[in-house]
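Below is one structure, written out as structure tokens; comments come after it.
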Amino acid sequence: NAGVTQTPKFRILKIGQSMTLQCTQDMNHNYMYWYRQDPGMGLKLIYYSVGAGITDKGEVPNGYNVSRSTTEDFPLRLELAAPSQTSVYFCASSYLRPGTPTGELFFGEGSRLTVL
Amino acid sequence: RKEVEQDPGPFNVPEGATVAFNCTYSNSASQSFFWYRQDCRKEPKLLMSVYSSGNEDGRFTAQLNRASQYISLLIRDSKLSDSATYLCVVNEMNTGFQKLVFGTGTRLLVSP
Chain P
53 NAGVTQTPKF RILKIGQSMT LQCTQDMNHN YMYWYRQDPG MGLKLIYYSV
103 GAGITDKGEV PNGYNVSRST TEDFPLRLEL AAPSQTSVYF CASSYLRPGT
153 PTGELFFGEG SRLTVL
Chain H
4 RKEVEQDPGP FNVPEGATVA FNCTYSNSAS QSFFWYRQDC RKEPKLLMSV
54 YSSGNEDGRF TAQLNRASQY ISLLIRDSKL SDSATYLCVV NEMNTGFQKL
104 VFGTGTRLLV SP
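Quick mapping for you: the protein sequence lines, in order, are chains P and H. With my numbering, you'll find the first sequence wraps up at 168, consecutive numbering, no jumps. With my numbering, you'll find the second sequence wraps up at 115, consecutive numbering, no jumps.
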């Protein structure tokens, strides 16, 4: 099992450009998440999905979009990149059984994005 | 007040030392609690869950005090490989969706 795979690992964008961060998991997890981590800050949830076709906003969704057409894939789209989106982005997945309050998060290795 | 608060450290300790980290949380309705470990420029990984009765995994002991709303992590006999940032994570559990709130982390440096 590869686990959670994110691409690209590094990217430099110019202000106003757009890009998509790819995330795929091969563990058949129902939940998937996108977080961002800024220096000295905790991970902040951008978007999450509880299953294919279902997505919802997290704490800091502005400037981002997601889709979940399959169980495996959960891409994050940045439209009109801004310097404030310079961050490390982590995709994660977990498996929650009905009635189970929580499950371990498995993270990808992260994508370091710089917007200049 | 931050939802999950940790002392950022760094905690500098020699090998073999015992070190303890605390974490406080603001939402009294929080359901479950975890410690994640994050190595420099790497992704977080689950270290251990924290149960009401306290739990131990080798050199690591986690405890929960619901009345005072804090969680602790004790590391005994520190190893060089324990050097990392330890993230306190609280599940605020919002109607079927696990709302995980991460602390900013406590950095541990273990020296020879």
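Heads up, the beta-carbon is just placed ideally off N, CA and C, and yes, glycines get one too. Fair warning: this is a prediction, and the values are worked out from it, not measured in the lab.
- Neighbours of residue 105 of chain H in chain P, taken as residues at a C-beta separation under 7 Å, are given in chain order as 94, 95.
- Of all residues in the region 152-166 of chain P, only 153, 154, 155, 156, 157, 159, 160, 161, 162 place a beta-carbon less than 8 Å from a beta-carbon of chain H.
- Under the DSSP definition of a beta bridge, residue 87 of chain H partners with H/111.
- When 7 Å is used as the limit between beta carbons, residue 148 of chain P is near these residues of chain H: 101, in chain order.
- Against chain P, the CB of residue 56 of chain H has no partner CB under 7 Å away; the residue lies outside that interface.
- DSSP lists H/63 as the bridge partner or partners of residue 60 of chain H.
- Within chain H, no residue has its CB atom less than 9 Å from the CB of residue 62 of chain P, the nearest being about 11 Å off.
- Boundaries of the beta strand (DSSP E) harbouring residue 52 of chain H: 47-53, taken from the DSSP string.
- The beta carbon of residue 27 of chain H is closer than 7 Å to those of 8, 72, 73 in its chain, skipping five residues each way along the sequence.
- Residue 37 of chain H is a Cβ neighbour of residue 52 of chain H, given a cutoff of 7 Å.
- Note that the C-beta distance between residue 81 of chain H and residue 6 of chain H is not below 7 Å.
- As computed with DSSP, residue 98 of chain P is found in no beta bridge at all.
- Here residue 145 of chain P is actually not in contact with residue 71 of chain P; their C-beta atoms are around 21 Å apart, not less than 8 Å.
- In this structure, the straight-line span from the alpha carbon of residue 67 of chain P to that of residue 108 of chain P is close to 26 Å.
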